[in-house]
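Protein chains in written order, with this note's numbering: chain A, 1 to 224; chain B, 1001 to 1217; chain C, 2001 to 2355. Every residue gets a Cβ at the ideal spot worked out from N, C-alpha and C, and that includes glycine. Comments concern the structure below.
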Amino acid sequence: MTETAPVPTASPSSLRLIATLAGIAIMSGLLVALAAEFTREPILKNRREALEKAVFTVLPEATARKNFLLNESGLTPLGDDAISEANCYAGYNESGELVGVAIEASARGYQDVVKILYGYNPHTNCILGFTVLQSSETPGLGDRVETDPDFLANFACLEATLNEAGTDLKNQIVTVKNGTKKHPWQIDAISGATVTSTAIGTALQKSTTKLLPLIHKVEPEFAQ
Amino acid sequence: MKDPRIPDPLSWSVFTQGIWRDNPVFVMLLGLCPLLAVTNTAMNALAMGLATTFVLVCSGTLVSLLQRVIPKQVRIAAYIIIIATFVTIVDYAIQAISLDLHKALGAFIQLIVVNCVILGRAEAYASKNPVVNAIVNAFGMGVGFTLALLSLGIVREIIGSGSLFGIDLFGAQFQPWAVFVLPPGGFFVLAFWLFVFSLMRKRKETRAKQEEVARAA
Amino acid sequence: MTNSGTQSSPQVLLRTSPHLRDTQPVDVIMRNVVYALLPVCAFSVWQFGISVLGLIITCTASCVLTEHVIRKLQHKPTTITDWSATITGVLLALTLPPGFPLWMAVVASIFGIAVGKMFFGGLGFNVMNPALIGRAFAQAAFTVPMTTWVPNSAPSRFTEFIPSTLTLPFLRPNSISEWLAQNAVDGFSGATPLAVMKFEHVPADSIELLLGTTAGSSGETGALLILLCGCYLIFRNMMNWRITASILLTAALFSGICHAINPEIYPDPLFTVCSGGLMLGAVFMATDMVGSPVTPVGIWIYGILIGLLTVIIRFWGGLSEGVMYAILLGNAFSPLISSVTQPKRYGAPQKEAAK
């Protein structure tokens, strides 16, 4: 890299070509590593804040959060920074009691997959709310699921009770046509945004069927 | 500085080349992928423009510094490594500044690496000129690109969501034309600007021709 | 087979474009299309009231005016006397929801004529149907008003406008909930039969669809009437019946197969053909001479393509109606279809002979 030979007239040797590329690659490796090192802390802080904001939106009473990995083999507590590995987040109030679990779910919407985070209270068997993590729904139409007050009213307490055997939901969560909600486990769709409303319902239905039996099995382990 | 006809190693035109005469978007029609994809709001457009400018200036500097070291047989590979380095740095930096912004720009940050404006500058200018010139020229190109992105982003955000830089302009009763924040809107607004600029250029050319005729007479 | 291909004897019929096959000039055909559309217009005004009348007049006027102004800007003689802009305006109005704000209708008309037709060079040079371009723009720009439906035969339809019709320019449509409360029959859900079928799997009565007493775009409801008006044009030899027939047959056949497999989800062929804008599209829009292929085989391919696409979008797409995009895609494909289905030139050397 330090050589400043005159521009060769003949074709340079392969060795020199490789050496130059290697030198440049090493240099860029150094630069990238440096940048990654400098930005690691702020990026982690941003991620934590974004997640915390989402978790506290769907679990309004929570003031603290813990990451967990929940699967068939049980519940594994994860570190505070293991955000990408975790699939559920427990929220606690000031006195350290579990107020709910925030879980990610997704389903196909009108344009693309809609990814949501929803809060579930295992004591009252209620879905407490949701927030959209990722969506590309039509502006002014599909994205109303986050702002429409009538739609959000569905989630004051959306019932998600397990059956007696604890293997599945007693009543599957389902999205129904605007104005025809009759049961606490039904979601009243937004008129004109049926597809996105249904996607939210499908995401909740799929996720609750899979994870709620597990959550109830391991519920004591959530305690701090 | 005033008279661009005198060949000056570091003239004003080295800077303005990218803004007007060889504007990467409106004249050379390069880098249209990020242009159409992320200009749905003025903020996204500005962020994308600044990120691209940063990569342009940094890679231009390095390419110019290494122009005697890099053999011409491997120059494209070398330029791509250099550009990719700075794109990765920008990617980290944007994540550190704002995750929402990073989400909005999506894959298009990484795709700066294939933006032909940058490789084109490295190949056509930075590799043949002194480092100060390369920096000034790359900066001018970056400003030109940012201005182009902004001119799309501002129009699209005002019509498509009735706001500018997130500030509501017309009140709640305004009906936004959603198509302008969707992909087709990018094409419509780009076509509109290209039309305006080619009209302006044509007018300028006819005027120059008339002046020439007058001077000859 | 003896004379060469370049020298044609006067007895041989030369065919360069379908327009030349007809002895009627363009403006006569176009004027007759307008006549054929008038009953459809009258019926839609009868169904949805003065709001639709306003919509038809607004769209037609702004289409004609846009074409006139653009021709003047180009320093060329006006072309509005060929009636094609009038057809575009009427067709556009018939595809919009009855309570569509008039200012948005003006935007859609201007876009349809300017971008969909004049930017390409005017009548005969446009790739796609200008009315559908206008509608597609409105659908993308004003999604909510484009999917707000009002009940058919509202009691006050001849005495007052639907509130959203008279929205001030650039503002969101006025609320129609109060108007709906006074006018809607019990059980009106604000959805078209197609949407009800798609999302709730409840098919509408086919008789209602045929007669047009359902909710929907202004002029798409009366399937039977549209077909009758189309027959007039076919009878006058001013419309290619093969396009309409191939679209309707393909859609019916395809949905029949799906219906046979799963009658719970997929509607029967009669529903598919009579619901939504398929009839209006197949009769008046896909048959647009400019956007359809010029070869006899190509016309069948074009019709089959539109029929298939419509049903595919309706059954498996995110939208409940797919006729508009199907026809636009068909229009986009038609130059390609024409070029691959060119008939063999009379007297052209055989492939073997060319070797």
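Using the beta-carbon of each residue, which ones in chain C are nearer than 7 Å to residue i?
i      : result
A:V195 : G2318
A:Y110 : G2318
Give the DSSP bridge partners of residue i, in chain order.
i       : result
A:A165  : Beta-bridge pairing links A:A165 to no other residue.
A:E85   : Its beta-bridge partners do not exist; DSSP assigns none.
A:E104  : A:L117
A:G91   : A:R65 and A:G100
C:L2171 : B:F1174
A:Q186  : A:V174
B:S1064 : None, per the DSSP bridge assignment.
C:L2248 : DSSP lists no partner for C:L2248.
C:I2337 : DSSP, once it has assigned bridges, lists no residue as partnering C:I2337.
A:L158  : A:I127
A:D148  : None, per the DSSP bridge assignment.
B:L1164 : B:I1167
Indicate the three-state DSSP secondary structure (helix, strand or coil) for residue i in the structure shown.
i       : result
C:F2142 : coil
A:F130  : strand
A:G119  : strand
C:F2158 : coil
A:I200  : helix
A:T76   : strand
A:N71   : strand
B:R1207 : helix
B:S1098 : coil
B:N1040 : coil
A:P12   : coil
B:F1026 : coil
B:S1013 : helix
A:I24   : helix
B:I1154 : helix
C:K2076 : coil
B:N1137 : helix
B:M1200 : helix
C:M2279 : helix
C:G2256 : helix
C:K2355 : In this prediction, C:K2355 has a pLDDT of 42, which is less than 50 and means its spatial position is unreliable; what the coordinates show is noted afterwards. Residue state, collapsed to three classes: coil.
Which residues in chain A sit within 7 Å of residue i, going by Cβ to Cβ distance?
i       : result
B:V1074 : L17, T20 and L21
B:L1099 : N46, R47 and A50
B:A1077 : L21
B:T1085 : S28, L31 and V32
Name the chain B residues that come within less than 8 Å of residue i, Cβ to Cβ?
i       : result
A:P12   : P1071 and Q1073
A:V114  : Per Cβ cutoff of 8 Å: no residues; A:V114 is ~14 Å from chain B at best.
C:A2204 : Near C:A2204 there are no residues of chain B at all, since even the closest Cβ is about 29 Å away, more than 8 Å.
C:L2171 : Q1173, F1174 and Q1175
Residues of chain A with a CB under 8 Å from the CB of residue i: which are they?
i       : result
C:E2200 : K177
B:A1093 : A35 and T39
List, in order along the chain, the chain B residues whose C-beta lies closer than 7 Å to that of residue i?
i       : result
C:F2137 : V1179
C:T2143 : A1178
A:A25   : I1081
So which residues of chain A does residue i contact, with C-beta pairs closer than 9 Å?
i       : result
B:Q1173 : Going along chain A, no residue has its Cβ under 9 Å from B:Q1173, so there is no contact; the nearest lies around 13 Å.
B:T1088 : S28, L31, V32, A35 and A36
B:A1096 : F38, T39, R40, E41, P42, I43, K45 and N46
Since residue i meets chain C, which of its residues come closer than 8 Å, beta carbon to beta carbon?
i       : result
B:P1024 : Correct list: empty, because the minimum Cβ distance to chain C is about 25 Å.
B:L1182 : A2140
Practice task
Could you say if the region 2301-2312 of chain C and the region 2249-2261 of chain C meet the contact criterion of at least three C-beta pairs nearer than 8 Å?
Solution key: With a cut-off of 8 Å, the region 2249-2261 of chain C and the region 2301-2312 of chain C count as touching, because enough Cβ pairs lie within range.
Handout entry: the region 1155-1165 of chain B in contact with the region 1182-1201 of chain B per 3-pair CB rule at 8 Å
Key = yes
Practice task
May I ask you to verify whether the region 2072-2084 of chain C touches the region 2175-2185 of chain C, counting CB pairs closer than 8 Å and requiring at least 3?
Solution key: Contact between the region 2072-2084 of chain C and the region 2175-2185 of chain C is absent, because fewer than three Cβ pairs lie under 8 Å.
Exercise for the section: Decide yes or no for the touch test of the region 2100-2117 of chain C against the region 2272-2279 of chain C: beta carbon pairs closer than 8 Å, at least 3 of them. Expected result: no
Exercise for the section: Pick out the complete alpha helix (DSSP H) segments inside the region 2098-2145 of chain C, 4 residues or longer, and give them in chain order. Expected result: Within the region 2098-2145 of chain C, the complete alpha helix (DSSP H) runs of at least 4 residues are 2102-2116 and 2130-2141.
Problem - Whole runs of the alpha helix (DSSP H) within the region 2289-2324 of chain C, excluding any shorter than 4 residues - result: 2296-2316
Practice task
Determine, using beta-carbon pairs with one atom in the region 1017-1036 of chain B and one in the region 1072-1091 of chain B, whether at least three such pairs fall under 8 Å.
Solution key: no
Handout entry: Contact the region 2039-2051 of chain C vs the region 2212-2229 of chain C: 3+ CB pairs below 8 Å
Key = yes
Practice task
Flag this pair as touching only if the region 207-218 of chain A and the region 157-173 of chain A have three or more C-beta atom pairs under 8 Å; answer yes or no.
Solution key: yes
Practice task
Determine, using beta-carbon pairs with one atom in the region 2022-2040 of chain C and one in the region 2076-2091 of chain C, whether at least three such pairs fall under 8 Å.
Solution key: yes
Problem - Inside the region 2050-2074 of chain C only - beta strand (DSSP E) runs reaching at least 3 residues - result: The region 2050-2074 of chain C contains no complete beta strand (DSSP E) run of 3 or more residues.
Practice task
Inspect the CB distances between the region 198-210 of chain A and the region 66-84 of chain A and report whether three or more fall short of 8 Å.
Solution key: no
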